[in-house]
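Structure, as structure tokens:
2 protein chains.
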Amino acid sequence: MRKQWTKGASSIKFEEPVYIQSTASIVGKKEGEGPLKDSFDMICEDPMFGVDTWEAAESSMQKEAASMAIGKAGLKPEDIRIIFAGDLLAQTIASSFGTAGLGIPFYGLYGACSTMGESLSLGAMAIAAGYGEHILCATSSHFGSAEKEFRFPLGYGNQRPFSATWTVTGSGACVLGAQPPASDSSDKVLPLRVGNGCAVITGVTTGKIVDYGLKDSLNMGGCMAPAACDTIYQNLKDFCRKPSDYDYIFTGDLGVVGQKILFDLMEEKNIDIQKQHQDCGLLIFDGETQDTHAGGSGCGCSATVLASHILPKVASGEWKRILFVPTGALLSKVSFNEGDSIPGIAHAVVIEHAEA
Amino acid sequence: MRKQWTKGASSIKFEEPVYIQSTASIVGKKEGEGPLKDSFDMICEDPMFGVDTWEAAESSMQKEAASMAIGKAGLKPEDIRIIFAGDLLAQTIASSFGTAGLGIPFYGLYGACSTMGESLSLGAMAIAAGYGEHILCATSSHFGSAEKEFRFPLGYGNQRPFSATWTVTGSGACVLGAQPPASDSSDKVLPLRVGNGCAVITGVTTGKIVDYGLKDSLNMGGCMAPAACDTIYQNLKDFCRKPSDYDYIFTGDLGVVGQKILFDLMEEKNIDIQKQHQDCGLLIFDGETQDTHAGGSGCGCSATVLASHILPKVASGEWKRILFVPTGALLSKVSFNEGDSIPGIAHAVVIEHAEA
Chain A
196 MRKQWTKGAS
206 SIKFEEPVYI
216 QSTASIVGKK
226 EGEGPLKDSF
236 DMICEDPMFG
246 VDTWEAAESS
256 MQKEAASMAI
266 GKAGLKPEDI
276 RIIFAGDLLA
286 QTIASSFGTA
296 GLGIPFYGLY
306 GACSTMGESL
316 SLGAMAIAAG
326 YGEHILCATS
336 SHFGSAEKEF
346 RFPLGYGNQR
356 PFSATWTVTG
366 SGACVLGAQP
376 PASDSSDKVL
386 PLRVGNGCAV
396 ITGVTTGKIV
406 DYGLKDSLNM
416 GGCMAPAACD
426 TIYQNLKDFC
436 RKPSDYDYIF
446 TGDLGVVGQK
456 ILFDLMEEKN
466 IDIQKQHQDC
476 GLLIFDGETQ
486 DTHAGGSGCG
496 CSATVLASHI
506 LPKVASGEWK
516 RILFVPTGAL
526 LSKVSFNEGD
536 SIPGIAHAVV
546 IEHAEA
Chain B
196 MRKQWTKGAS
206 SIKFEEPVYI
216 QSTASIVGKK
226 EGEGPLKDSF
236 DMICEDPMFG
246 VDTWEAAESS
256 MQKEAASMAI
266 GKAGLKPEDI
276 RIIFAGDLLA
286 QTIASSFGTA
296 GLGIPFYGLY
306 GACSTMGESL
316 SLGAMAIAAG
326 YGEHILCATS
336 SHFGSAEKEF
346 RFPLGYGNQR
356 PFSATWTVTG
366 SGACVLGAQP
376 PASDSSDKVL
386 PLRVGNGCAV
396 ITGVTTGKIV
406 DYGLKDSLNM
416 GGCMAPAACD
426 TIYQNLKDFC
436 RKPSDYDYIF
446 TGDLGVVGQK
456 ILFDLMEEKN
466 IDIQKQHQDC
476 GLLIFDGETQ
486 DTHAGGSGCG
496 CSATVLASHI
506 LPKVASGEWK
516 RILFVPTGAL
526 LSKVSFNEGD
536 SIPGIAHAVV
546 IEHAEA
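So this is what it looks like as structure tokens:
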């Protein structure tokens, strides 16, 4: 397969669609009390998930989500050719320990909260190229492990500015394949299929790192909005589309602050996405009653909203085509403490309704 | 491209070879005094690379190596369709800040010291599928930033057991493409080509996470050897090869301790790789005179040895086929301090001589 590449383009359009065969979403108690409470596969009341540390809890949750997605597709771990997974923790330990026991060939990713976009992109690219029959894409985040990794000890009880987001405790996983999901379902086998309706990935836009020099780790929406703008703009350009060609454009976790900046930045390019735009961080929590300030965040935010809320509506045909654009803030406590800026990145995945 | 997949296989054989169009290697002073001192593109005497922190130094080095590889291929940053890069630091900040300025679509990876194997694998998969004309694969490590990230403050001057390895200060980068490297070279344009001889990637084997339960972060060779064994064994099985079908099998940074364990584990499978095996960590330093104990380690170890020492010999035809198997120890200081084990992973890349 040898092609001509358009200069300056960052997107790939697949000749044959990549099917999302199944999804799984597991969240914590707080997420299970939010607006999407009836959509998740599992709500775990215990933030420790039955183990001793937050990191191990996140690993357990990610492994469980991966296993559940594999099961819902009617598959076994040995049917999965590659896992693409990552998380927010240093050296992505939630993934290393989360999927280790599954014994599946594994590529570890780091894209901060954009990771579900990265894993779905690479998974779809691999399926479209014929590198595997089934590929698993997964990611996770956990409020306790993320606060410990990036901010203050929980026991310190620090106040949070209104620009801060609340890291979602959750893990989302998808099984991708070249064939439509099976049409038979049972208690345990529950492919992503509504009648003959399916959700397929038809293209991806790879994000660039965009750094406007912001340094406030409690305003990550502001840090990520320029990257979201860059990727959405590039996607529309590469695919010759206008915003209304998408039912919705879902960013990951810009929150109320980042959303406003995104609208402003898009307006500078004479593009209005206000009718189409939704943000997973604004969907998963009720900011009025749940005290989550600017919204939800973390890899698990966009991943669980995609798996529980977005994909079923695409499969049913309620939405014909959406753009999924998780956004990542590329900071570490070391770079933050050394006074560095917080670069952003966003990876876009085009997901469409198809009839099997 | 729709295929049948062999159950239990973890490898991909490319129908058309993927050319390594150029390479670049930059190392620090100590590496520049070792056995490969005449092979590197650049030796930087200043461990700070002219900036203020170790992390920024590593970023500068990685960005310089990436720019150099792009230049040696006769290209500009805008000619590169995707970068696959990663490093050892928390949230892979050396890569986020290292390649940010290049403005190239970017997928961040984490595979510990196996990262060059992961980036070359994904880069080759993307080129072979026609997803880009040129793709850059890069990684880096830095002694100062790695010791700070994983072990003790340098000023503390702790003693190191003989099983410990010495993190290489270095960055390696390769530009991959579907076409042979150009045959004309100049001062700055210096493609990886010897006459008509080139180096091509013909296949990859994706590693699984293997965890034997070892917990000693000062014996990472021991932690990674089981993963190296698993991937090498799988590669030989998937490609129906015996060790002598490779001129050499290069692991990343097992060092003297890990090498011995690898030989023992392979022997249990009735496979003897002692004649073919070399370890990049044992090639880059002279353990007798450089006080590096078990050998070199870090993403930069295998990446710089590949770029400076291995690939030119494959391009010249001195070696016809080699297996490059960087090995990663998946630990963080958090998982280590919580008493977790250190899982290993190894990704294999088959590199062969070809005539353009």
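Quick mapping for you: the protein sequence lines, in order, are chains A and B. Position in the first sequence (first residue = 1) + 195 = my numbering. Position in the second sequence (first residue = 1) + 195 = my numbering. Heads up, the beta-carbon is just placed ideally off N, CA and C, and yes, glycines get one too.
Residue from the options whose Cα sits closest to the Cα of residue i
| i | options | result |
| --- | --- | --- |
| residue 327 (chain A) | B:462, B:539, B:207, B:341 | B:207 |
| residue 365 (chain A) | A:262, A:497, A:532, A:433 | A:497 |
| residue 306 (chain A) | B:307, B:272, B:297, B:291 | B:291 |
| residue 501 (chain B) | B:446, B:513, B:433, B:488 | B:446 |
| residue 218 (chain B) | B:402, B:442, B:333 | B:333 |
| residue 316 (chain A) | B:503, B:303, B:309 | B:303 |
| residue 150 (chain A) | A:406, A:527, A:359, A:372 | An answer regarding residue 150 (chain A) cannot be provided, because it is not within the stretch 196 to 551 covered by chain A. |
| residue 276 (chain B) | B:282, B:318, B:295, B:283 | B:318 |
| residue 420 (chain B) | B:432, B:412, B:405 | B:405 |
| residue 370 (chain A) | A:260, A:545, A:483, A:527 | A:260 |
| residue 287 (chain A) | B:550, B:538, B:545 | B:538 |
| residue 385 (chain B) | B:321, B:268, B:273, B:509 | B:268 |
| residue 550 (chain A) | A:448, A:452, A:464, A:394 | A:394 |
| residue 300 (chain B) | A:529, A:524, A:403, A:436 | A:403 |
Interface flag, residue i vs chain B, CB-CB below 8 Å
| i | result |
| --- | --- |
| residue 213 (chain A) | no |
| residue 320 (chain A) | yes |
| residue 326 (chain A) | yes |
| residue 276 (chain A) | yes |
| residue 361 (chain A) | no |
| residue 306 (chain A) | yes |
| residue 493 (chain A) | no |
| residue 404 (chain A) | yes |
| residue 197 (chain A) | In this prediction, residue 197 (chain A) has a pLDDT of 46, which is less than 50 and means its spatial position is unreliable; what the coordinates show is noted afterwards. Judged by the 8 Å Cβ criterion, residue 197 (chain A) is in contact with chain B. |
| residue 375 (chain A) | no |
| residue 522 (chain A) | no |
| residue 269 (chain A) | no |
| residue 401 (chain A) | yes |
Simplified DSSP assignment, three categories, for residue i
| i | result |
| --- | --- |
| residue 283 (chain A) | coil |
| residue 547 (chain A) | strand |
| residue 485 (chain A) | helix |
| residue 419 (chain B) | helix |
| residue 454 (chain B) | helix |
| residue 326 (chain B) | coil |
| residue 208 (chain A) | strand |
| residue 509 (chain A) | helix |
| residue 519 (chain A) | strand |
| residue 197 (chain A) | Reliability fails at residue 197 (chain A), whose pLDDT of 46 lies under 50, so the model's placement of it is uncertain and the value that follows must be treated cautiously. Coil at residue 197 (chain A), not helix or strand. |
| residue 514 (chain B) | coil |
Neighbour list for residue i in chain B, Cβ cutoff strictly below 9 Å
| i | result |
| --- | --- |
| residue 526 (chain A) | 286, 288, 291 |
| residue 529 (chain A) | 248, 250, 284, 285, 286, 288, 340, 343, 344 |
Chain A contact residues for residue i, given Cβ-Cβ distances below 9 Å
| i | result |
| --- | --- |
| residue 313 (chain B) | 302, 303 |
| residue 538 (chain B) | 291, 292, 295 |
Cβ of residue i within 8 Å of any chain A Cβ
| i | result |
| --- | --- |
| residue 273 (chain B) | yes |
| residue 348 (chain B) | no |
| residue 258 (chain B) | no |
| residue 413 (chain B) | no |
| residue 234 (chain B) | no |
| residue 409 (chain B) | no |
| residue 397 (chain B) | no |
| residue 317 (chain B) | yes |
Partner residues on chain A for residue i, Cβ-Cβ distance less than 8 Å
| i | result |
| --- | --- |
| residue 333 (chain B) | None at all; the shortest Cβ gap to chain A is about 14 Å. |
| residue 371 (chain B) | What residue 371 (chain B) touches in chain A: nothing, since even the nearest Cβ is about 14 Å away. |
Same chain only: Cβ atoms within 6 Å of residue i, ignoring 5 sequence neighbours per side
| i | result |
| --- | --- |
| residue 495 (chain B) | 335, 336, 363, 365, 366 |
| residue 543 (chain A) | 400, 426, 430, 518, 520 |
| residue 255 (chain A) | 244, 246 |
| residue 313 (chain A) | 304, 306, 542 |
Contact set between residue i and chain C, taken where Cβ atoms lie within less than 8 Å
| i | result |
| --- | --- |
| residue 200 (chain A) | As a matter of chain content, chain C is missing from the structure shown, whose protein chains are A and B. |
Contacts that residue i makes with chain A (C-beta to C-beta distance below 7 Å)
| i | result |
| --- | --- |
| residue 366 (chain B) | Neighbours of residue 366 (chain B) on chain A: none; closest Cβ ~17 Å, over 7 Å. |
| residue 533 (chain B) | 248, 250 |
| residue 205 (chain B) | 300 |
Cβ shell of residue i (< 7 Å), same chain only, five flanking positions each side left out
| i | result |
| --- | --- |
| residue 504 (chain B) | 231, 234, 478 |
| residue 341 (chain A) | 283, 362, 493 |
| residue 480 (chain B) | 229, 361, 487, 490, 491 |
| residue 443 (chain A) | 471, 473, 514, 517 |
Contacting residues, own chain, Cβ-Cβ under 8 Å from residue i (five flanking each side not counted)
| i | result |
| --- | --- |
| residue 228 (chain A) | 485 |
7 Å Cβ cut-off: residues of chain B touching residue i
| i | result |
| --- | --- |
| residue 281 (chain A) | 305 |
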